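Numbering (this note's numbering), first residue to last: -5 to 362.
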């Protein structure tokens, strides 16, 4: 998707593909980074590979950088004796949902020998620190360079109608709006139940995710992971009676029951509600037969009158859409890996066939 093909939907979501820009950015920013340590000098010389996806999104006036890349660089080094060394640094994953400190640097040395060990260690211990500093700036630089291309005027945001659900006195079944784009998290028909005596509503929904219950549970309960995909301040005490604060304080609550990978029961509230007003949310993880897909069953009770639209919108905006983007990227990454494996297999078979053909030709020549 080029910058000319940026799109906007009814949920005020815009997107721009920034992969070409990212390749130029890293080719420039990761060159000629050097360190000196005890007479050993090392530096990067060029960026040979930047592969993956880089997008900039705006959702409800907030800018999100989404990227998943692998990067390869060349480096050179020398020591006091004049020994010259060269090699490569491969970073298999530079991603928006990973901390910079967790990035892995695979370092190789051309014609590796024991006398080059100290130089390689300087690359490993010192040069990678400088690379982390550069990589940590990427998200901000990406947003600064392209945010104007996905900007929606606040006035336009206010004119967009909020999602609405008609709630009669009896049980009503309505169809939820599908998630944006190709549904990574498919939303099934949900139901709304009105409780006139309690002056509250109950809400149920089924959402299908292309991942295992274990991974989905971690995405919802692990503080580090939630902070990564939500891009917001997150505090989670993942134990019974532990409290949580999500999305910069827009959702708070307390865990009442936790059965890892099976069920989460919690108090769930919005800061605008009266003190003491809480809903009860039950999330049930239903694995599919293949083990690679999960149906998440959401059941929420005691929603204050007049707040149903707000609550359902919070689930879609803060939970389902960001998780959908994350899983679409994982899906693309897996597809790329599978394609590379097929390409490598084809190349191997072609090389083997070529060797056999040359051997057969040589044998035929000798027999003549």
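Every residue, glycine too, gets a C-beta built ideally from N, C-alpha and C. What you are looking at is a predicted structure, and each value in this text was computed from that prediction instead of being measured.
- Counting only runs of 4+ residues, the alpha helix (DSSP H) found wholly inside the segment 108 to 142 occupies 111 to 116, 122 to 130 and 132 to 140, in chain order.
- With the rule of 3 Cβ pairs closer than 8 Å, the segment 224 to 238 does not count as touching the segment 324 to 338.
- By the neighbour-count definition (other C-beta atoms within 10 Å, threshold 16), residue 315 is a buried residue.
- Here DSSP, grouped into helix, strand and coil, assigns residue 303 to helix.
- In the structure shown, residue 234 falls within a coil segment according to DSSP collapsed to helix, strand and coil.
- Residue burial is scored here from C-beta neighbours: residue 78 has fewer than 16 other C-beta atoms within 10 angstroms and is therefore classed as exposed.
- For residue 73, the CB contacts under 7 Å within the same chain, skipping 5 residues up- and downstream, are 33, 34, 112 and 113 in chain order.
- Residue 349 carries a helical assignment under DSSP once its states are collapsed to helix, strand and coil.
- Scanning its chain for C-beta atoms nearer than 8 Å, with the 5 sequence neighbours on each side dropped, one finds around residue 137 the residues 50, 57 and 59, in chain order.
- When secondary structure is reduced to three states using DSSP, residue 97 falls in the coil class, being assigned neither helix nor strand.
- Collapsing the DSSP output to three states places residue 274 in a strand.
- A residue is called buried once 16 or more other Cβ atoms fall within 10 Å of its Cβ, and residue 199 is buried on that count.
- Counting only runs of 4+ residues, the alpha helix (DSSP H) found wholly inside the segment 2 to 66 occupies 13 to 23, in chain order.
- Nearest to residue 42 by alpha-carbon distance, out of 19, 61, 36 and 141, is 19.
- Judged by DSSP in its simplified three-state form, residue 312 adopts helix.
- Under the 8 Å Cβ criterion, the segment 261 to 278 counts as touching the segment 286 to 296, having at least three qualifying pairs.
- With a threshold of 16 other beta carbon atoms within 10 Å, residue 10 meets it and is buried.
- Counting C-beta pairs with one atom in each stretch, the segment 249 to 259 and the segment 211 to 220 have three or more that are closer than 8 Å, which means they touch.
- Per DSSP, the continuous beta strand (DSSP E) segment holding residue 294 begins and ends at 288 to 298.
- One thing to note: residue 128 has its Cβ within 8 Å of the Cβ of residue 24.
- Straight-line measurement puts the Cα of residue 339 at about 21 Å from the Cα of residue 353.
- For the pair residue 222 and residue 348, the Cα-to-Cα distance works out to about 48 Å.
- Taking each of 107, 75, 76 and 45 in turn and checking the Cα distance to residue 86, the smallest one comes out for 45.
- Here the C-alpha atom of residue 120 lies approximately 24 Å from the C-alpha atom of residue 135.
- With respect to the 8 Å criterion, residue 241 and residue 224 are classified as neighbours on the basis of their beta carbons.
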